[in-house]
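Beneath this line is the structure, given in structure tokens, with notes to follow.
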Amino acid sequence: MKYSSQMVAKNYFIFALILLAGEMLFGLILGTQYIAGDFLFPEIPFNVARMVHTNLLIVLILFGFMGATYYLVPEESERELWSPLLANIMFWVFAAAGVATILGYLLVPYATLAELTYNNLLPTMGREFLEQPTITKIGIVVVALAFVLNIGMTILKGRKTVITIVLLTGLAGLAVFFLFAFYVPDNLVLDKFFWWYVVHLWVEGVWELILGAILSFVLIKVTGVDREHIDKWLYLIIAMTLISGIVGTGHHYFYIGTPDYWLWIGSIASAVEPLPFFLMIMYAFTMAKKRRIDHDNKMALTWAKGTAVMAFLGAGVLGFLHTLAPVNFFTHGTQLTAAHGHLSFFGAYIMILFTIISYAMPILRGRPHGNCAKAQAVERKAFWMMVIGMLGVTSALVIAGTMQVFLQRLPDVDALSFMATQAEIVPVYMVRLAFGVMSVAGLFLYFYSFFVKEEA
Amino acid sequence: MSERITKSMARNIYFGGSLFAILVFAGLTVDTVQKVPKLSNADKITESVARGKNLWEVNNCVGCHTIMGEGAYYAPELANVFDRRGLKDEVAFKAYLNGWMAAQPLGEPGRRKMPQFHLSEAQVNDLADFLIWTSRIDDNEWPPNIEG
């Protein structure tokens, strides 16, 4: 660690991992409720468990992004953070707000939570992923502004690199697009149209800039490849991301009451969306091949390569599978959507966090050469358990979605009802749950690797 | 490939390409916002429909159901529930929905459970008006059949 203020990243990383454990455990609850519909009812109804699952995911990724940023920006800018104190205060503010919100979901009915938080003054609750009470949303804006200010000042006062500029662009975009979460018109179509400004332009837009910047930082550190080379790849990847991803928002505008020209525009633009992920694979593997140093932290590079491959499979391949309008007509809102969502979030955003945490945590804990070989061997097992587990979960969901299409959507006569179709899929949901258990076991093995010591 | 592209070329593709994409998307957004009122029959959004949408939100209906294909995939699609369960008769649909909401949660063991939301009859009617309005949105003929 070159700058003492990088240490603020540690709390962010640890908290992100704790939230990830909660997120995945709630995933198991949901997976069980798909098989036994009355599991934990009425204590934790499905909608509550799902809200906890998805909101923990978003919040943990934000914590991870912030930790990654606090770690890499001082090193890139060659100066201490503008205000480590502000970073530490914001950690506790964000953590407290996050925990309070999750407890609110779990302890009172959602309508009561809406009343308690005066949702009627500025109604923003009850939309997918943006279920947070309005007061929490305002808190998120405050934390994001303080964060962007802190990072912006550090970057502007220090050495400017392509990585930090791309990262700052991504973070600023993240903050700006979140503001659409406050726009809730009475017209459901307009509501949905601008809801995607937050959701799509985050995950298939500005978040990919953040992902690209973090990946590039780790690749420089563990391969020693020339920065010129890295910069060029990074520019190309994010160029393809934004060119395809911004207009690609149109693949959500097929069947929600928006004009029919989106059927063409959305299909064509989003068909290009796998390209930046494919470039990312070439990028990671080319840099690994051209490496000029052999870093002792082998796992960081493994996670980096894994991120590129899994993000391509989840966001690229599973996304393309149902992005063309004539296909999406039959797959829209089936388990295929869930399959794509799960593998792209895991492959792109959870794995990039593992990448930076795997690289940075050992250094923050006073081990500049990475964890000992024995700990890395455990971590490698955890890597494969999680990767195979999530591939299993999403493969099962692809089968489930395909069954929905053939049983419920395609038949003109005698189509099964939604509930009858779901009953047919139960065996597949059992397979999904088993792979989910494997992923969670992998996560706990990963945690264990933090405590493995070399024999004396 | 990467040998022939220089860093400054890559940077120009990034800035130029992104700017182009943003302009195209902004233009299409303006056009869409102008066309949505007609496609969605915005003139039919009564106060009851608006109240119904708010009820839809504060009870987190989207946490289990989809509406025009978006939401959770645990419970049936509701953008066309008026066509499916109301037989396109508004009075009959309201009666049906009031009965259905009052009966939750159903006792059948192992079945997916819908919570009891304790809504008044007026509230259920607002919710019904919202779902009736939603069913008439021009959404390019989605879903493929009545089962949603």
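So the sequence lines, in the order shown, correspond to chains D and X. Note that this note's numbering has the first sequence beginning at 898, numbered continuously upward. Note that this note's numbering has the second sequence beginning at 15, numbered continuously upward. The beta carbon of each residue, even a glycine, is placed where N, CA and C say it ideally should be. Computed from a predicted model, the values in this text were never measured in an experiment.
**Prompt:** If you follow the alpha helix (DSSP H) that G1298/D is part of, which residue opens it and which one closes it?
**Reply:** A1270 to Q1301
Practice prompt. Can you pull the chain X residues whose beta carbon is under 8 Å from the beta carbon of N1084/D, in chain order?
Written response: V50, P51, S54, A56 and I59
Could you tell me if A1317/D is buried or exposed, where buried requires 16 or more neighbouring beta carbons within 10 angstroms of its beta carbon? exposed
Would you check if the distance between the CB atom of G1070/D and the CB atom of L1330/D is smaller than 8 Å?
no
Return the first residue and the last residue of the alpha helix (DSSP H) that S1255/D is part of.
-> M1248 to L1261
Report task. Anything in the region 1228–1240 of chain D with a Cβ closer than 8 Å to a Cβ of chain X? List those residues in chain order, please. Result -> H1229, G1230, T1231, Q1232, T1234 and A1235
Contact the region 1108–1127 of chain D vs the region 39–46 of chain X: 3+ CB pairs below 8 Å = no
Discussion item. Please return the same chain residues whose Cβ sits closer than 6 Å to the Cβ of F96/X, not counting the five positions on each side in sequence.
Written reply: F107, L145, I146 and S149
query: Can you tell which of E122/X, T20/X, E155/X and L141/X has its C-alpha closest to the C-alpha of T60/X?
result: L141/X
(request) Mind reading off the beta-carbon distance from F1227/D to P1171/D? Whole number of angstroms is fine, and I expect it under 8 Å. (result) 21 Å between Cβ atoms; not a contact.
*Exposure of G30/X, with buried meaning 16 or more beta-carbon neighbours within 10 Å*: exposed
field: Contact check, V50/X vs N1194/D, beta carbons under 8 Å
entry: no
Run the CB neighbour count on N1225/D, radius 10 Å, all protein chains shown included, and call it buried at 16 or more, exposed below. buried
Assuming the contact rule is C-beta atoms closer than 8 Å, P157/X and E91/X should be a hit. Round their C-beta distance to whole Å, please.
6 Å
Checklist line | Uninterrupted alpha helix (DSSP H) stretches inside the region 59–137 of chain X (no shorter than 4 residues) | finding: 61–72, 95–99 and 104–117
Extent of the continuous alpha helix (DSSP H) run through G1163/D: Y1158 to A1168
Item to check | Cα-Cα separation, P1222/D to E155/X | outcome: Note that residue 1222/D is Ala in the sequence shown here, rather than Pro. The alpha-carbon atoms of A1222/D and E155/X are separated by roughly 12 Å.
- Let me know the secondary structure DSSP gives Q1029/D once reduced to three states. coil
Same chain only: Cβ atoms within 8 Å of M921/D, ignoring 5 sequence neighbours per side: G1333, S1336, V1337 and L1340
Do you know offhand how far L1288/D's Cα is from L1240/D's? 7 Å
Note to self: Residues of chain D with CB closer than 8 Å to the CB of G124/X, please, in chain order.
What the structure shows: A933, G934 and D935
| message | Taking CB distances under 8 Å as the criterion, tell me whether G41/X reaches chain D. | response | no
Rounded separation between A35/X and S1141/D - CA only
8 Å
Quiz item: When the Cα of A997/D is compared with those of N952/D, K1057/D, N985/D and V1059/D, which residue comes out closest?
Solution: N952/D
V1302/D versus E1025/D: straight-line alpha-carbon distance, rounded: 23 Å
Practice task
Using a Cβ-Cβ cut-off of less than 7 Å, give me the residues of the region 1014–1033 of chain D that come near chain X, in sequence order.
Solution key: N1016, P1020, M1022, G1023, R1024, E1025 and E1028
Work out the CA separation of I955/D and F1251/D for me, nearest whole Å. 15 Å
Point to revise | Within the region 22–52 of chain X, ranges of the beta strand (DSSP E) (whole runs, at least 3 residues) | key: none
Notebook entry, point to check: Going along the chain, which residues of its own chain have a beta-carbon closer than 8 Å to the beta-carbon of F1175/D, five neighbours each way excluded?
Noted result: F1209 and G1213
query: For the region 1148–1160 of chain D, which residues have a CB atom closer than 9 Å to at least one CB atom of chain X, in sequence order?
result: H1149, Y1150, F1151, Y1152, I1153, G1154, T1155, P1156, D1157, Y1158, W1159 and L1160
Requested in this report: Could you have a look at W979/D and say whether DSSP puts it in helix, strand or coil?
Outcome: coil
Exercise. Can you name the start and end residues of the alpha helix (DSSP H) that K1195/D belongs to?
Worked result: K1195 to A1208
Subject >> Euclidean distance between Cα positions of F943/D and P981/D >> reply: 40 Å
Q. With DSSP run on the structure shown, which of helix, strand or coil describes Y1007/D?
A. helix
### Message
Could you compute how far the alpha carbon of D1157/D sits from the alpha carbon of D1088/D?
### Response
18 Å
Query raised in the report: Which chain D residues sit within Cβ distance under 9 Å of M82/X?
Result: L1085, V1086, K1089, Y1152, I1153, G1154, H1229 and G1230
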